[in-house]
Structures are given as structure tokens and as C-alpha cells.
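Using mature numbering (1 follows the signal peptide of the UniProt record, and there is no 0), the letters of the sequence shown correspond one by one to residues -22 to -1, 1 to 560.
Built from N, CA and C at the ideal position, the CB exists for glycine as well.
If you're wondering where the values come from, they're calculated on a predicted model, not measured in any experiment.
Reading through the C-alpha cells given below for one structure.
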Amino acid sequence: MASLTFLVLSWLFCNVIFQVQASCSTNAKYRTYDGSCNNLVYPSWGKANTAQRRFEYNGDLMIDYDDDNSPRGGFPSSLPSPRLISNTLMADELGPTDQASPTLSGQHFAFGQALTHDLIKTQLKRNLKCCENNDTDVCFPFDIPADDKDFTPGCRSFQRTERSPDVTDYREQINDVTSYIDCSHVYGSSDAQLATLRDTTDSSILKTSPGDNLPENVNGFCVKKDPVADFCQLTGDSRTDQAPSLQLNHLVLVREHNRIATLLKQINSEWENDRVFEETRRIVIAEMQHITYIEYLPAILSQKTMKKYQLEPKKQGFDDCYNDNIDASVRNAFAVAPFRMGHSQAMREQSLLEDDYKTITTELLADNFLAPHLIQTNMGENVEDFIRWLTFNPANKIDSFGVNAMRNKLFGGKIDLLSINIQRGRDQGTPSYNDWREFCGMERLKFKNFKVSNDIKNVLKKLYASADDIDLYVGGLLEMSKNGRVGETFACLIGKQFYLSKCGDRYWYERRDSDFGFSKAQLNSIKKMTMSKVLCENLGLDRIQREAFIRPKNKRKLKKCRNLPDLNLNLWKENSGGQQTY
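Here it is in C-alpha cells:
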């Protein structure tokens, strides 16, 4: 009977897979908006609103729930309060006076947040009173210490991320967005979402508001410092208004789309608007992928790590590591710890700089959460001055310290993002730091082996009963890094995820493919593009450093924007026979 049941279930499973495969076009030139059919063998891999995946080690999933559902540490938790950890290890006043990164610019932090939102968005129930709700399936509150100087001692509500109905053996989280680097934060993760973003007069471009700024989101939530002029902003991702630096990185890609679409339309006047839009989207995604792998990742990963995980793009020509057995879906541990390292990069203040790089004004980050005012003032007159500051000034170091805005004043309320990161890792069954060191082929550490000060070692001993209890987020940030890079454990997990993102993406921009690939000349033109050139072309700058993610030593290192190579869109010109002339 069991054998018959197995055969029936196997037939049903194969039939479902066949039906899904049958709905996929094998030669579609453009990727879908929800990520489906990227992998023709497993069409739901990487798709929006599907389960995240787990790394595997020796045939077992890297997962550590108390009972396949309850958070690591159980109920009540046997692990130290995340707020206590934050107070005693992560407060910026505990760190060095100079928190500035020796190499990375503020734009590295800002782009990283946009990239994160392109890849990851988890679901959770909102507005639950978890200190009054004993339902451990949706709530996981934690304690605020009695001596806390900023928060009221006692219980702090915390909502668990929702579980995927597709995984029944253990609790797995849902990724609301596609797992591919496909600018879903710009274009959305569904056809319906895209329809709200395209311009209704000229559907080859994306909607904008007066001043060539982001359009209004009438259903959005934001802080309107000017109740008359300010408005919430509409993009492919609902988190856009979180901070001005994120808003700016959304804006620059919307403008880049519209810039390229306008030029393509002039070059190929016979193209329909849909063709112009899709070709432009294809180019913008390629730029995003190229900038991520040629500029963003090398700034935080060593050349050895980049080479180990096949992350280095070729300077010219095609490169193809695609394998339909590689699942590009976001790995849970990557989302919950290593790629939250950017929260430590956030700067306490943000400024506007004049053409001569003198400061116009400076404001606290804490006063600008969820507020579009800085970006929208006088129809966007500040964007040039703001990007000048983001590219010229340093981000904070990637370390265990977080500025007050992130630890005590997130989104205008008494929210500690670092505590949330620790608790989220436990909520989602993330194994301990030492488990991940072993996964990455490194030795497990005892307290005495940590390369930190004796003071920090003593704090760790007081917090954790064992070094094997240390949370991945905490241990990873404590690792010493050089030249602004992440530590060895985070480097391992980031490297592995971005290998999957590249080699599991059938539409990867470097692939040679007659259906959807770029010509060699087109690809080489894309490979000349830089973050600096994209910023120059869309934000009004006249000079910038060659590498926007690396802080320049002085103004003499700045180059004229006109001397930076741009896309040669004439390579996309189509002759009368419908063939592109390369």
C-alpha cells in the first residue's frame, strides 16, 4: 500500500512539474517579472512568493530550530536577550572614536541596501501585541534589560516571519520578491505591479513626477515633513521611503531606464513601446548585475574569495557557468545575517555638498527615516548635492558597532535594528556562528580564540554560556576585516550566495545565447559602464571618482564625467530586415 501511495504521489508531482514546464516558453527573450520559468527544468526556483532555501552540509540542511518550528533557544529562550547583546557589544560609544571605513564610500552602503531589497523580502504579520499574545507560532518577544537607558525595561514585542505553506517538514520563510538580480525593486515582482509603474502616456518608460522624480504612492506610508509638497514614493518595492540614500538609488535606476528607453526609441523608431521597454529593462538589469560583481562585491570580498566562487566577470566577452541544477533561490542564512552587515555601515549624519564640495547642510539620519523630504525638496533640487556627499564621504566600518539611529531610533520610534537582526536569526532557525565556521571549512572557536580585545571576550563569556551559542550575526560582525572587507565567515556565505545568483540565472548578462543573449559588442559596451557613469548621467554631476564605491582621498582624484565611457546604444540599432547591426 505504501508503495502504491508513493507511486501515485510521484506521478502527481511529475505531472505538476510537467504542467508548469509546459507553460514556460523555452526561447523567451525576456525574463518574467515574478522570476518563474527562469529555470526551465524547475520553473519555480527563484520565483517570487516561494520558500527560501537552506544551505546543506554533509547532506543535512543547515537549520537549528528547537523543534522544527520553535526558534533556536526555544521558549522561553535559553539565549541572552538580543537587546542585552546590543547594549553591551554593539553600541557605537563602545567602539573607536573614528568609525569611518578606510575605503568604502557612503554610496557602497546605499547601493547595498537597494541590492538587498532586489533579492530579499520576508513576510510577517504586523501590529501583533506579542507581549500579550502567547501564540508562539507568530510571536517571539524578548526582554529589555532592567538598566536599559533608552527603552522601557520588560517585554518587547516581536513578530515571527511567516512560514511557507510549501515546506511542511520544518518552518521555512517566504521570499516575497524574486531571488534573481533583476531589478525587481525597480520593476516589481509581478505583471500587476509593473502595470502600476509604467507611464500611461508613453509605456516605454517608467512613471515619474514633476522634476523627473519618483511618482507618488497614494497608498504608501511615509513621514511628510512638508504636508503639502511631500508625498510617499512608488517603485517596485514598498520599502523605498525607508531612507534618503535608498530613495536616491531607486531614483537613479528609474532615470537610467528612461534615459536608455528614450535613446533606443530614437535609434529604432519603428519599435513598439513594449519592445523598447523590455530591451531597456534587459540592459538596466545587465548594468545592475555588472556593477554588483565588478564593483560592489570586490569592495568587500578579497580577490581570493571572488576567484574561489567564480564571481569575477570577464573584462570582455562572454562567460557562462549556468547550470539548471543550481537553485538561485536566496539562502535563509545569507538573508538573515551576512547581508545585514550593511546596517553597521550606516552613517550617523548625512549632508549636502556644493559643487566645490563644501557642506551646505547636515542632518541626522534619525531625523530622516521614512521621510522623502530631502529628495523631494523643490522638485528634487538636492539630489545632486546628496549624491556628491554619498560618493565623497565614507560609510562606517563593517563591524559590530551600530550608530544610535539604527540601535535606538529606527523609523522614528524606539526600535533597535541590531537586536531585531539577532532575534530574527533565532526566529528563522539559523545555526550558531561556530556551526557556520565549520560549514565554511574553518575551525570552531572557543572564547579565547576570538581575535578581539580581552574586554569583548569577557563580555562574550558573560553573555553566552558557551562559544557554541554565539549568534551568526554577532560572531560574523566581530571578525576582524581588512581594507573595509567583511570577515571570513560572512565572506564565505556571501560568496556562496552570489555564486548561486550568477550560475543559477539562465538570463545572466554574460551568457552567449541566440535567444536572449547580448551580442559580443553589446556586452563589451555594457562592461564599460560603471556606477559612477550611471550616477553622472542621471543626477547632474560633472565630476566623480572612477569607482563610486571607493572613497576618494581628495578632490584631485575626481574625474570629469564626460570622460567616463557610456553605453554605445547604436549597437542596438536594427536594420530594415529586423536584424540588429553589431
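Helix or strand or just coil, what does DSSP make of residue 79? Assignment of residue 79 by DSSP, reduced to helix, strand and coil, places it in the strand class.
| From the DSSP output, which residues share a beta bridge with residue 563? | The structure shown has nothing for residue 563, since the chain only spans -22 to 560.
(request) With a threshold of 16 other CB atoms inside 10 Å of the CB of residue 13, please say whether the residue is buried or exposed. (result) Buried: at least 16 other Cβ atoms inside 10 Å.
At the level of alpha carbons, what is the spacing between residue 125 and residue 454?
27 Å
Just verifying my parser: in three-state terms, what is the DSSP assignment at residue 358? coil
- Using the Cα positions of residue 318 and residue 293, report the straight-line distance between them to the nearest angstrom. 29 Å
TODO: Would you kindly work out how many angstroms separate the C-alpha atoms of residue 45 and residue 57, rounded to a whole number?
DONE: 16 Å
**Request:** Give the secondary structure of residue 151 by DSSP, where H, G and I count as helix, E and B as strand, and everything else as coil.
**Result:** Secondary structure at residue 151: strand, using DSSP grouped into helix, strand and coil.
What do you reckon, are the CB atoms on residue 258 and residue 242 nearer than 8 Å?
yes
Query raised in the report: Given residue 6, which residues of its chain have a CB within under 8 Å of its CB, disregarding the five upstream and five downstream residues?
Result: 15, 493, 494
Look up residue 140 in the DSSP assignment and say whether it is helix, strand or coil.
coil
Which runs of the alpha helix (DSSP H) at least 4 residues long sit entirely within the stretch 251 to 287? Give them in chain order.
For the alpha helix (DSSP H) assignment, the uninterrupted runs of no fewer than 4 residues enclosed by the stretch 251 to 287 are, from N- to C-terminal side, 251 to 269, 281 to 286.
| Using the rule of at least 16 other Cβ atoms within 10 Å of the residue's Cβ for burial, across every protein chain shown, is residue 400 buried or exposed? | By the neighbour-count rule (16 or more Cβ atoms within 10 Å), residue 400 is buried.
- Query: Assuming residue 136 contacts residue 117 under a Cβ cut-off of 8 Å, what Cβ separation, rounded to an integer in Å, is found between them?
  - Reply: 7 Å
Three Cβ pairs or more, each shorter than 8 Å: is that satisfied between the stretch 262 to 269 and the stretch 151 to 162? yes
**Prompt:** Using the beta-carbon count (16 or more within 10 Å), is residue 133 buried or exposed?
**Reply:** exposed
- Give the DSSP-derived three-state secondary structure of residue 162 in the structure shown. Annotated three-state conformation of residue 162 is helix, per DSSP.
- Message: Quick check: the Cα distance between residue 245 and residue 548, rounded to an integer number of angstroms?
- Response: 7 Å
Residue from 390, 423, 520 with nearest C-alpha to residue 202: 390
### Cα-Cα separation between residue 490 and residue 481, rounded to whole angstroms
13 Å
If the criterion is Cβ atoms closer than 8 Å, does the pair residue 339 and residue 411 meet it? no
Practice prompt. Could you tell me which of 10, 212, 260 sits nearest to residue 568, measuring between CA atoms?
Written response: With the chain running from -22 to 560 in the structure shown, residue 568 is simply not present.
Buried or exposed (CB count within 10 angstroms, at least 16 for buried), residue 90: Flag for residue 90 reads buried.
ask   = Under three-state DSSP, which class holds residue 490?
value = Coil at residue 490, not helix or strand.
### Inter-stretch contact (C-beta, 8 Å, three-pair minimum) for the stretch 57 to 76 and the stretch 179 to 188
no
*Using three-state DSSP, classify residue 527 as helix, strand or coil.*
coil
query = Grouping DSSP H, G and I as helix and E and B as strand, with all else coil, what is residue 423?
reply = coil
Figure out for me which residue from 155, 180, 274 has the closest Cα to the Cα of residue 255. 180
Practice problem: Report buried or exposed for residue 314, applying the criterion of at least 16 other Cβ atoms within 10 angstroms of its Cβ. | Solution: buried
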